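In this text, residue positions in the sequence shown follow this note's numbering: the first is 9, and each later residue adds one.
Here the structure is laid out as structure tokens; the discussion comes afterwards.
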Amino acid sequence: MAGEVPVKALLFASYADAYGSTEVPLLLRAGSTVGDAVAAVRAKAPTAIPARPLVALNERYAKYDEHLSPGDEIALIPPVAGG
9 MAGEVPVKAL
19 LFASYADAYG
29 STEVPLLLRA
39 GSTVGDAVAA
49 VRAKAPTAIP
59 ARPLVALNER
69 YAKYDEHLSP
79 GDEIALIPPV
89 AGG
């Protein structure tokens, strides 16, 4: 449909566990940004994902003001710690 942008959000580790899924299909308004996509994912599970998680767009780190195109894939990257 004109004026809409289908994108896919990928969730990993604790985000996927809390959300109950590793993939979230989104249908956003044309002109939407990475930040809009993150907000859409958080709207469904606001306590599972922080307000500004690290995010990648099509396998590269992204800024929240980058615009999305149909078929884009964002990945919400949880904090990583090791020892």
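Just so it is clear, CB atoms sit at the ideal spot from N, CA and C, and this is done for glycine as well.
From a predicted model like this one, the values you see are computed outputs, not experimental measurements.
Taking DSSP as the reference, what is the three-state secondary structure of residue i?
i	result
A4	The question about residue 4 has no answer, for the chain in this structure spans 9 to 91.
Nearest CA to the CA of residue i: which residue from the options?
i	options	result
L35	L76, L84 and P86	L76
K52	P78, R37 and P33	P33
F20	G79, Y72, A56 and D73	A56
R68	V88, G79, A83 and A24	A83
P87	A47, V49, V13 and L62	L62
Please report how far the alpha carbon of residue i lies from the alpha carbon of residue j, in whole angstroms.
i	j	result
A70	A26	23 angstroms
A64	G39	18 angstroms
E81	V15	6 angstroms
Y72	G43	4 angstroms
I85	L18	9 angstroms
P54	G11	26 angstroms
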